[in-house]
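Protein chains in written order, with our numbering: chain A, 1135 to 1250; chain B, 163 to 274.
Positions of the beta carbon are idealized from the N, C-alpha and C atoms, including for glycine.
Working notes for the structure below.
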Amino acid sequence: DTAVSQTPKYLVTQMGNDKSIKCEQNLGHDTMYWYKQDSKKFLKIMFSYNNKELIINETVPNRFSPKSPDKAHLNLHINSLELGDSAVYFCASSQLGLAGLQETQYFGPGTRLLVL
Amino acid sequence: KQEVTQIPAALSVPEGENLVLNCSFTDSAIYNLQWFRQDPGKGLTSLLLIQSSQREQTSGRLNASLDKSSGRSTLYIAASQPGDSATYLCAVMDTGRRALTFGSGTRLQVQP
Chain A
1135 DTAVSQTPKY
1145 LVTQMGNDKS
1155 IKCEQNLGHD
1165 TMYWYKQDSK
1175 KFLKIMFSYN
1185 NKELIINETV
1195 PNRFSPKSPD
1205 KAHLNLHINS
1215 LELGDSAVYF
1225 CASSQLGLAG
1235 LQETQYFGPG
1245 TRLLVL
Chain B
163 KQEVTQIPAA
173 LSVPEGENLV
183 LNCSFTDSAI
193 YNLQWFRQDP
203 GKGLTSLLLI
213 QSSQREQTSG
223 RLNASLDKSS
233 GRSTLYIAAS
243 QPGDSATYLC
253 AVMDTGRRAL
263 TFGSGTRLQV
273 QP
């Protein structure tokens, strides 16, 4: 069973389109994340949700909107796609452990987005 | 703002060598530090997590150390194998922030 799954795996689309990426985790974790890995392979946090509540929102354009319908799902919707949005988007999850420490983060396989 | 640096950026070694990957971070107020492995075109696999109160963690041929006061961690790989070839990423979770700050990675190639 896949612990953290993302769909689609690949996404090729035209500039200006709106697209969504879905993420699901079956680990029972309470925290989920979206990270972006750019062409230089540098990973940066975009958003983090804990129990469906947004707790981290980095300086990401308003065109990116995360949605968490429940603890096991965190979707990412992107409006008016731009060339610079081309990247690999990773979903991850973790569990708040003892003393408020986040435990190991588990990553999905990534969604490779190419904007033409 | 936390910054994570990994040295070297790339490393090529013959099979069987022991090797050390380095990670440094600028803000020592961290919850934990994680080492990940990323294979080309794939996601990240967690290798080791060291809590801020710990000095090291071991898993098989891997040993990670943490010196929080100096802002450094090392990943030691013993008896390297071609299957160890991948990019190794170091990431820290800051106190009060529930997301990881990543280094740019060390790309390892182990020659058979």
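Query raised in the report: If we ignore side chains and look at the alpha-carbon of each, how far apart do B:L211 and B:T188 end up?
Result: As a first step, residue 211 of chain B must be located in the second sequence, where it is residue number 49. As a first step, residue 188 of chain B must be located in the second sequence, where it is residue number 26. When rounded, the distance between both Cα atoms is 19 Å.
Requested in this report: Can you give me the Cβ contacts of A:E1216 inside the same chain, cut-off strictly under 7 Å, excluding the 5 residues immediately before and after it?
Outcome: Counting from 1 along the first sequence, the entry for residue 1216 of chain A is found at position 82. Correct list, in chain order: M1149, V1249.
Query raised in the report: To which residues of the same chain is B:N194 closer than 8 Å at the C-beta, ignoring the five residues directly before and after it?
Result: Within the second sequence, residue 194 of chain B is the residue found at index 32, counting from 1. So the list reads L211, I212, Q213, S214, V254, M255, once near-sequence residues are dropped.
Query raised in the report: How close, in whole Å, do the beta carbons of B:Q219 and B:L262 come, if the pair is a contact with beta carbons under 8 Å?
Result: For the purposes of this step, residue 219 of chain B is taken as residue 57 along the second sequence, with counting starting at 1. For the purposes of this step, residue 262 of chain B is taken as residue 100 along the second sequence, with counting starting at 1. Actually they do not touch by this definition, with Cβ atoms about 16 Å apart.
Requested in this report: Compile a chain-ordered list of the residues in the stretch 1198-1222 of chain A whose CB is closer than 8 Å to at least one CB of chain B.
Outcome: none
Query raised in the report: Name the residues in the stretch 185-208 of chain B whose C-beta lies less than 9 Å from a C-beta of chain A; which are they?
Result: Listed by position, the residues of the stretch 185-208 of chain B near chain A (Cβ gap below 9 Å) are Y193, N194, Q196, F198, Q200, G203, K204, G205, L206, T207, S208.
Requested in this report: Tell whether a beta-carbon distance below 8 Å holds between A:K1161 and A:S1227.
Outcome: Within the first sequence, numbered from 1, the residue matching residue 1161 of chain A stands at position 27. Within the first sequence, numbered from 1, the residue matching residue 1227 of chain A stands at position 93. It is worth fixing the name first, because residue 1161 of chain A is Leu in this sequence and not Lys. Going by C-beta atoms, A:L1161 is nearer than 8 Å to A:S1227.
Query raised in the report: What residue from A:A1206, A:N1185, A:S1214, A:K1186 has the CA that sits closest to A:R1197's CA?
Result: Locating residue 1197 of chain A in the first sequence gives position 63, where the first residue counts as 1. Selected option, being the one with the closest Cα: A:S1214.
Report task. Would you mind stating whether B:L209 and B:R199 have Cβ atoms separated by less than 8 Å? Result -> Residue mapping note: residue 209 of chain B aligns to position 47 of the second sequence, counting from 1. Residue mapping note: residue 199 of chain B aligns to position 37 of the second sequence, counting from 1. Contact: yes.
Query raised in the report: Residues of chain A with a CB under 8 Å from the CB of B:S266: which are they?
Result: Locating residue 266 of chain B in the second sequence gives position 104, where the first residue counts as 1. Correct list: K1174, K1175, F1176.
Requested in this report: Take every Cβ of the stretch 1180-1196 of chain A, pair it with every Cβ of the stretch 1164-1171 of chain A, and state whether three or more of those distances are shorter than 8 Å.
Outcome: yes
Requested in this report: Give the range of the beta strand (DSSP E) segment to which B:P176 is assigned.
Outcome: Within the second sequence, the letter at position 14 stands for residue 176 of chain B. Unbroken beta strand (DSSP E) run through B:P176: 172-176.
Query raised in the report: DSSP state of B:D246, grouped into three classes?
Result: In the second sequence, residue 246 of chain B corresponds to position 84, counting from 1. B:D246: helix per DSSP, three-state reduction.
Requested in this report: Please say whether B:L270 and B:C250 have beta carbons closer to each other than 8 Å?
Outcome: The sequence position of residue 250 of chain B within the second sequence is 88, counting from 1. The sequence position of residue 270 of chain B within the second sequence is 108, counting from 1. Cys is not the amino acid found at residue 250 of chain B; the sequence shown has Tyr there. For B:Y250 and B:L270, yes; Cβs fall inside 8 Å.
Query raised in the report: Would you say B:A172 faces chain A, with C-beta separation under 8 Å as the test?
Result: Locating residue 172 of chain B in the second sequence gives position 10, counting from the first residue. It does not; no Cβ of chain A falls within 8 Å.
Report task. Assuming B:G265 contacts A:G1244 (C-beta within less than 8 Å), just tell me the rounded distance between them. Result -> Position 103 of the second sequence, counted from the start, is the residue given in the question as residue 265 of chain B. Position 110 of the first sequence, counted from the start, is the residue given in the question as residue 1244 of chain A. About 18 Å separates the two Cβ atoms, so there is no contact after all.
**Report entry** Outcome for B:S221 when other beta-carbon atoms lying within 10 angstroms are tallied against a minimum of 16
**Finding:** For the purposes of this step, residue 221 of chain B is taken as the residue at position 59 of the second sequence. Answer is exposed; the Cβ neighbour count stays below 16.
Report task. With a cut-off of 8 Å on the beta carbons, I'd call A:L1145 and A:L1247 a contact; round off their distance for me. Result -> Walking along the first sequence from the start, residue 1145 of chain A turns up at place 11. Walking along the first sequence from the start, residue 1247 of chain A turns up at place 113. Correct: roughly 5 Å between the Cβ atoms.
Query raised in the report: What first and last residue would you give for the beta strand (DSSP E) that runs through B:Q216?
Result: In the second sequence, residue 216 of chain B corresponds to position 54, counting from 1. Counting along the chain, B:Q216 falls outside any beta strand (DSSP E), and DSSP gives it neither H nor E.
**Report entry** Residues that DSSP places opposite A:H1211 in a beta bridge
**Finding:** The count along the first sequence starts at 1 and reaches residue 1211 of chain A at position 77. DSSP lists A:S1154, A:S1199 as partners of A:H1211.
**Report entry** Closest Cα partner of A:E1158 within the set A:I1212, A:L1230, A:K1205
**Finding:** As a position in the first sequence, residue 1158 of chain A is number 24, starting the count at 1. Comparing Cα-Cα distances from A:E1158 to each of A:I1212, A:L1230, A:K1205, the minimum goes to A:K1205.
Query raised in the report: Contact check, B:G267 vs A:K1175 under 8 Å by CB: the rounded distance?
Result: Translated into positions along the second sequence, residue 267 of chain B becomes position 105. Translated into positions along the first sequence, residue 1175 of chain A becomes position 41. B:G267 to A:K1175, Cβ: 6 Å. Contact.
Query raised in the report: Contact check, B:S242 vs B:E179 under 8 Å by CB: the rounded distance?
Result: For the purposes of this step, residue 242 of chain B is taken as the residue at position 80 of the second sequence. For the purposes of this step, residue 179 of chain B is taken as the residue at position 17 of the second sequence. Confirmed, about 5 Å.
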